[in-house]
Amino acid sequence: MSSKKCLETIFSIDFYQFTFYITDIKNVESNIENSDTIKWHFAKCNNSKCNSIFLVNPAEGPGDLGYLCPDCSAKTTTSHVVQCSSCRTILNFVRAASNEEKVVFNVPKCSHCIGTIEDEWEIEPLYQPDSYI
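Count the sequence shown with the numbering used here and you get residues 379 to 511, in order.
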């Protein structure tokens, strides 16, 4: 036998965290590099009629209307929003005039949580304190 120590090195990749590791024979791991510093994740659109899956930057929060895909997010600038006040789901977009202020209408419950389809027709406007200034 030779007097030299043989050090076996095993390279592994953790695809879930996008991180490379080096493991030696003693099973001690050390982080050598991150391939991605921002962990993007998938989110489901909060619009009940859309339900698309899209990538979300974790630096951006869900906002008052939840996570909206780019198409539904663009609709909020041209339409009123109908939202359930119980489960916070977006139920519909109602077309608005270009000079009209866009408002969020609330229904007390919807067919996605504890209500029925008939409950979705009883809309109430949700006014923000800024609109009275």
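Ideal placement from N, C-alpha and C gives every residue a C-beta, glycine not left out. What you are looking at is a predicted structure, and each value in this text was computed from that prediction instead of being measured.
At the level of alpha carbons, what is the spacing between residue i and residue j?
i: ASN470; j: LYS417; result: 31 Å
i: SER464; j: PRO486; result: 6 Å
i: ILE403; j: SER451; result: Residue placement at ILE403 cannot be trusted, given a pLDDT of 48 that sits under 50; what the coordinates show is reported in the next sentence. Answer to the nearest angstrom: the Cα atoms are 52 Å apart.
i: CYS491; j: ASN477; result: 34 Å
i: ALA474; j: SER426; result: 20 Å
i: GLY444; j: THR467; result: 8 Å
i: PRO326; j: PHE420; result: Any answer about residue 326 is impossible in this case: the structure gives the chain only from 379 up to 511.
i: LYS453; j: LEU446; result: 10 Å
i: GLU438; j: PHE432; result: 13 Å
Tell me whether the beta-carbon of residue i lies closer than 9 Å to the beta-carbon of residue j.
i: CYS462; j: CYS488; result: yes
To which residues of the same chain is residue i closer than 8 Å at the C-beta, ignoring the five residues directly before and after it?
i: ILE455; result: For clarity, residue 455 is Thr in the given sequence; the question names Ile instead. Cβ within range, chain order: LYS480.
i: ASP449; result: CYS428, SER430
Which stretch, first to last residue, makes up the alpha helix (DSSP H) that contains residue i?
i: SER464; result: Where SER464 is concerned, there is no enclosing alpha helix (DSSP H), given that its DSSP letter is neither H nor E.
i: LYS487; result: Neither: LYS487 is in no alpha helix (DSSP H) and is coded neither H nor E.
i: ALA452; result: 448-453
How is the beta strand (DSSP E) around residue i delimited, first residue to last?
i: ALA421; result: 419-422
i: ASN470; result: 468-473
i: LEU433; result: 431-434
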